[in-house]
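The opening residue of the sequence shown carries number 29 in my numbering; numbering runs sequentially from there.
Beta carbons are placed, not taken as given, at the ideal position from N, Cα and C, and that holds for glycine.
Working notes for the structure below.
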Amino acid sequence: MATVRELHNQAMELAQRAMVEREFGNPVTARELAAAALPFEMQAAQMIEKTIESEPTRSILYQSAGSLAYQAGDFALAKRLVAEGLSGFPPARVEQELSELYDKITFLNHLKVRDLALTSAQVQLSIVGKEVGSGLVPFQSFMQRINAFVTLLDRNTSRLMGVAYQRGKKAIDQVSPYVPMISAPRAGSFSVTVEVAQKTNFTMSYLVSGQEVIDQVMEGMTDVEAQNYDHLKTRIGDESYFVNFVTLAKQLAPDGDRITMVGLTSTKSEVSFTKTKQQLTTPILVEEISRRVDAPTSYVGVLDEAVARNSGRIGLTTEDHGIVRLRVTEGMDDMVRSYFNRKVRVLAMPRGKSNILLEINDVDEES
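See below:
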């Protein structure tokens with residue numbers, strides 16, 4: 029009879045092969061290998077008694093088995109395996125990982141489009157959390173994220189077309205060959221489909237395809253979720269577009285409680301965005317702090333002033349009616365525009381007579 033270690037090693041050998049196939053763009057083969065690995069890991073997990081002394085081995089094996097079932101597309105089995113792992117005595121770290129895996133499984137099982145086949149130029153955006161009801165979500169929670177996602181599509185279209193980064197919404201509209209189309213939300217969740225539709229007055233031979241734009245955004249979101257900024261920066265190349273991508277991706281992120289997950293599904297890939305805005309590090313923040321001795325300063329107030337002839341300068345009126353002058357780095361302007369006339373918390377670094385804006389967050393989301 030095979031031992032737990034032997035069964036686990038057999039499962040991991042197949043799981044490694046599945047990962048390689050997935051990296052090389054062979055999802056069908058990857059699913060088949062994950063399905064082949066699953067019985068070995070399940071058997072190994074079932075051989076461990078449900079006792080405190082068996083931890084963390086037992087819960088880790090069930091987590092691994094649940095992940096393999098998830099990769100194989102058997103979501104019902106995956107949920108049962110994760111639940112079995114949680115039913116024992118998992119340590120806090122493994123319990124958290126099991127809970128996150130359960131959320132991802134539930135997301136794909138419940139929110140994946142079943143009544144509408146996605147075309148190559150479509151993405152389903154789904155929002156999950158305590159604030160989300162059956163087809164209902166607070167307006168601001170939705171608008172902030174859909175605006176950020178649509179702007180990501182527009183900016184990446186411009187970048188792939190070779191257009192230099194330009195500040196402002198008008199600059200985007202002038203060069204974008206696509207119009208974002210949004211479907212009605214589906215019941216049981218809050219999920220909409222965003223389609224990249226071509227404008228009729230653009231010639232396709234000079235443009236990138238909608239599929240390429242979607243692929244670029246999905247790959248970039250995967251990098252942000254993994255905090256793999258070096259890879260993202262190398263792939264994007266341009267510094268302003270890189271900063272823009274990361275700051276907009278942060279706008280999409282969950283807040284940790286009211287919105288716990290933002291899911292993106294295309295015909296080629298899926299991204300379960302679980303890291304919160306607070307957990308995501310902004311590269312410009314790290315870079316500016318590393319350059320200076322002084323610590324950045326935090327301000328709370330209303331973003332209520334912009335200089336029309338210089339879109340890189342804005343003003344914040346603090347709670348005690350003081351004025352803080354802020355300078356916005358190129359690439360962050362799309363994000364800042366979404367917070368205008370709202371109460372925000374900003375983190376800024378003094379520079380001359382103004383301050384370099386490093387981070388900005390909605391105060392309401394912190395409460």
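Spatial neighbours of residue i within its chain, please: CB distance less than 8 Å, with the 5 preceding and 5 following residues excluded, ordered by chain position.
i, result
"Met246", "Val151, Leu292, Ser294, Lys296, Ser297 and Val299"
"Thr325", "Leu375, Ala376, Met377, Pro378 and Asn383"
"Leu188", "Val236, Glu240, Val241 and Gln244"
"Val364", "Leu331, Ile342, Val356, Leu385 and Ile388"
"Ala145", "Residue placement at Ala145 cannot be trusted, given a pLDDT of 47 that sits under 50; the coordinates are not used to answer."
"Asp131", "Val156, Thr288, Met289, Ser300 and Thr302"
"Leu181", "Tyr206, Pro208, Val222, Val224, Val241, Ile242 and Val245"
"Tyr98", "Ala106, Leu129, Lys132, Ile133 and Leu136"
Run through DSSP, which three-state label would residue i get?
i, result
"Leu301", "The amino acid at residue 301 is misidentified as Leu; the sequence shows Phe. Of the three classes helix, strand and coil, the one that applies to Phe301 here is strand, per DSSP."
"Thr262", "helix"
"Asp332", "strand"
"Ser127", "helix"
"Asn272", "helix"
"Glu77", "coil"
"Ser382", "strand"
"Leu354", "strand"
"Ser154", "strand"
"Ala376", "strand"
"Gly340", "strand"
"Glu387", "strand"
"Pro208", "strand"
"Thr325", "strand"
"Val160", "coil"
"Ala225", "strand"
"Lys132", "helix"
"Phe368", "coil"
"Thr85", "helix"
"Thr57", "helix"
Within 10 angstroms of its Cβ, does residue i collect 16 or more other Cβ (buried), or is it exposed?
i, result
"Arg337", "Reliability of the predicted coordinates at Arg337 is poor, the pLDDT of 46 falling under 50, and the value obtained from them is presented with this limitation in mind. Exposed is the call here."
"Leu2", "As displayed, the chain neither begins before 29 nor continues past 395, which places residue 2 out of reach and without an answer."
"Pro282", "buried"
"Asp348", "exposed"
"Asp143", "In this prediction, Asp143 has a pLDDT of 44, which is less than 50 and means its spatial position is unreliable; what the coordinates show is noted afterwards. Looking at its Cβ environment, which holds fewer than 16 other Cβ atoms inside 10 Å, Asp143 is exposed."
"Thr221", "buried"
"Ser233", "Because the pLDDT at Ser233 is just 46, under 50, the model does not fix this residue reliably, and the point stays unresolved."
"Glu77", "exposed"
"Glu112", "buried"
"Phe273", "buried"
"Gly265", "exposed"
"Phe323", "For clarity, residue 323 is Ala in the given sequence; the question names Phe instead. Ala323 comes out exposed."
"Val372", "buried"
"Gly190", "exposed"
"Ser115", "exposed"
"Phe167", "exposed"
Check the C-beta distance from residue i over to residue j and give it rounded, since I have them as a contact under 8 Å.
i, j, result
"Val122", "Gln172", "Between Gln172 and Val122 the Cβ distance is about 33 Å, and since that is not below 8 Å, they are no contact."
"Leu10", "Phe177", "Residue 10 falls outside the range modelled here, since the chain spans only 29 to 395, and no answer is possible."
"Ile88", "Ala106", "Contact doesn't hold; Cβ gap of about 16 Å is too wide."
"Glu69", "Ala93", "4 Å"
"Leu96", "Ala120", "Actually they do not touch by this definition, with Cβ atoms about 23 Å apart."
"Val328", "Val391", "6 Å"
"Phe218", "Val271", "With a Cβ gap of about 29 Å, Phe218 and Val271 do not count as contacting."
Skipping 5 residues on each side, what residues in its chain have a beta carbon closer than 7 Å to that of residue i?
i, result
"Ala225", "Tyr206, Val207 and Met209"
"Arg50", "Ala58"
"Lys158", "Asp285 and Arg286"
"Pro479", "Here the chain has residues from 29 to 395 only, and residue 479 is not among them."
"Met249", "Ala277, Leu292, Val299 and Phe301"
"Arg45", "Leu61"
"Val56", "none"
"Thr345", "Gly329, Val330, Asp332 and Ile351"
Can you give me the Cβ contacts of residue i inside the same chain, cut-off strictly under 6 Å, excluding the 5 residues immediately before and after it?
i, result
"Ala63", "Ala100"
"Ser268", "Tyr193, Glu358 and Gly359"
"Val141", "Below a pLDDT of 50, predicted positions are generally treated as unreliable, and Val141, at 45, falls in that range; no measurement from the model is reported."
"Ala72", "Val32, Leu35, His36 and Leu89"
"Asp251", "His259 and Leu260"
"Met40", "none"
"Phe368", "Leu331"
Would you give the residue range spanned by the alpha helix (DSSP H) that residue i belongs to?
i, result
"Arg187", "Phe167 to Leu188"
"Asp102", "Counting along the chain, Asp102 falls outside any alpha helix (DSSP H), and DSSP gives it neither H nor E."
"Glu34", "Val32 to Glu51"
"Val364", "Asp361 to Arg365"
"Val252", "Gly238 to Glu253"
Give the range of the beta strand (DSSP E) segment to which residue i is assigned.
i, result
"Gly291", "Met289 to Thr293"
"Met29", "Taken as a continuous stretch (DSSP letters only), Met29 belongs to no beta strand (DSSP E), as it is neither H nor E."
"Tyr193", "From DSSP, Tyr193 is part of no beta strand (DSSP E); its letter is neither H nor E."
"Pro118", "No beta strand (DSSP E) contains Pro118, which DSSP labels as neither H nor E."
Please confirm whether any heavy atom of the ligand NAP lies closer than 8 Å to the CB of residue i.
i, result
"Glu81", "The model depicted lacks the ligand NAP and carries no ligand whatsoever."
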